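J.:
2 protein chains.
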Amino acid sequence: MHAPARETLAHPSRDEIELAAVLHALSDPVRLLMVRGLAGAIEARSCGSFDVPVTKSTCTHHFKVLREAGVIRQRQDGTKRVNLLREDDLEARFPGLLATILQAAGELPQPTART
Amino acid sequence: MHAPARETLAHPSRDEIELAAVLHALSDPVRLLMVRGLAGAIEARSCGSFDVPVTKSTCTHHFKVLREAGVIRQRQDGTKRVNLLREDDLEARFPGLLATILQAAGELPQPTART
DNA sequence: TCAAACGTACGATGATCGTCGTACAACGAA
DNA sequence: TTCGTTGTACGACGATCATCGTACGTTTGA
Numbered sequence: 126m127h128a129p130a131r132e133t134l135a136h137p138s139r140d141e142i143e144l145a146a147v148l149h150a151l152s153d154p155v156r157l158l159m160v161r162g163l164a165g166a167i168e169a170r171s172c173g174s175f176d177v178p179v180t181k182s183t184c185t186h187h188f189k190v191l192r193e194a195g196v197i198r199q200r201q202d203g204t205k206r207v208n209l210l211r212e213d214d215l216e217a218r219f220p221g222l223l224a225t226i227l228q229a230a231g232e233l234p235q236p237t238a239r240t
Numbered sequence: 126m127h128a129p130a131r132e133t134l135a136h137p138s139r140d141e142i143e144l145a146a147v148l149h150a151l152s153d154p155v156r157l158l159m160v161r162g163l164a165g166a167i168e169a170r171s172c173g174s175f176d177v178p179v180t181k182s183t184c185t186h187h188f189k190v191l192r193e194a195g196v197i198r199q200r201q202d203g204t205k206r207v208n209l210l211r212e213d214d215l216e217a218r219f220p221g222l223l224a225t226i227l228q229a230a231g232e233l234p235q236p237t238a239r240t
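As given, the protein sequences belong to chains F and U, one line each in that order.
Residue numbers for the first sequence follow this note's numbering, beginning at 126 and rising by one.
Residue numbers for the second sequence follow this note's numbering, beginning at 126 and rising by one.
1) Measure the C-alpha to C-alpha separation of Met159 of chain U and Gly203 of chain F and round it to an integer number of angstroms.
2) Hey, could you find the ends of the alpha helix (DSSP H) Val155 of chain U is sitting in?
3) Which residues of chain F have a Cβ atom closer than 7 Å to the Cβ of Ser152 of chain U, listed in chain order?
4) Can you tell me whether Asp214 of chain F is helix, strand or coil according to DSSP?
5) Need the endpoints of the beta strand (DSSP E) that Arg192 of chain U sits in, please.
6) Kindly confirm or deny that the region 142-149 of chain F and the region 140-156 of chain U touch, where touching means at least three C-beta pairs closer than 8 Å.
7) Quick check on the DSSP output: the alpha helix (DSSP H) that includes Asp226 of chain U runs from which residue to which?
8) Could you give the distance in angstroms between the alpha-carbon of Leu163 of chain F and the alpha-carbon of Gly195 of chain F?
9) Once you ignore the five residues that flank Pro178 of chain U on each side, which residues in its own chain have a CB closer than 8 Å to its CB?
10) Return the chain-ordered list of same chain residues with a C-beta closer than 6 Å to the C-beta of Gln199 of chain F, the five sequence neighbours on each side being excluded.
11) What is the DSSP secondary structure of Ser138 of chain U, reduced to helix, strand or coil?
12) Please classify Val207 of chain F: does DSSP put it in a helix, a strand, or coil?
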């Protein structure tokens with residue numbers, strides 16, 4: 126077991142994304158926070174750039190849940206692993222779902238704008 | 126503890142409905158089935174009228190989860206307990222959410238139509 | 001009055017979940 | 001090369017979950 130796990134980043138294909146899995150993934154407050162952060166970002170964000178009240182291990186766990194549910198895509202980039210929402214795939218599979226949930230989660234997150 | 130539980134039907138008020146709880150409630154395939162059945166029905170439906178692959182006790186449990194999440198409202202009617210979706214409350218709290226999820230759950234359920 | 005139907009309550013069980021700490025691997029910079 | 005950064009892997013822990021069987025209460029109907 127010396128192979129770097131970086132090769133093992135399994136993502137479900139678009140058609141394999143299941144509604145129940147997506148809803149379950151988004152039913153955790155921490156993960157909802159992560160997804161909101163991802164939705165507000167233009168660029169893919171590394172795991173460590175999130176302000177969530179859990180340790181690194183737990184963070185890894187949550188990103189794995191989101192990835193395996195098909196909500197996010199993870200890609201290795203040097204020592205960082207960057208995450209981005211699979212907005213297109215989700216929209217194709219479940220139209221309007223992500224946007225509606227994000228809106229229900231308390232409007233869009235305002236990264237640094239406060240007029 | 127001889128009081129019939131029929132008095133103890135606690136429902137969250139509209140403003141107490143939480144997104145995470147709703148998503149969690151809907152992240153179970155059996156409950157999703159129940160909600161779809163409820164959405165297709167015009168009248169409130171009794172617990173026993175659902176075609177779900179679980180026993181009665183489990184059914185009771187699932188309806189309780191749905192009720193406590195604020196997804197359905199339960200009312201006693203003779204020996205039956207009837208259920209109906211809290212569409213208005215959900216729409217007011219999380220606009221579009223229920224409809225979007227129901228649509229994602231595989232279009233509208235066709236109770237007895239098969240042209 | 002008696003029995004059947006409907007659904008609950010309670011307890012149990014095995015599975016999954018969210019959380020953490022520690023140890024380790026990979027990469028980048030000095 | 002060496003060190004710090006980033007994030008994972010692997011247990012482990014307690015909590016919650018989905019499921020069931022059995023026993024019981026309530027209402028309806030014969």
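A virtual CB, placed ideally from N, CA and C, is assigned to each residue, including glycine.
Quantities reported herein were computed from a predicted structural model and do not represent experimental measurements.
T.: Looking at the coordinates:
1) 46 Å
2) 154-165
3) Ala145, Leu148, His149, Ser152
4) helix
5) Per DSSP, Arg192 of chain U belongs to no beta strand (DSSP E); it is in the alpha helix (DSSP H), 181-194.
6) yes
7) In the sequence on display, residue 226 of chain U carries Ile and not Asp. Segment 222-229, the alpha helix (DSSP H) holding Ile226 of chain U.
8) 14 Å
9) Val155
10) Leu134, Arg192, Arg206, Asn208
11) coil
12) strand
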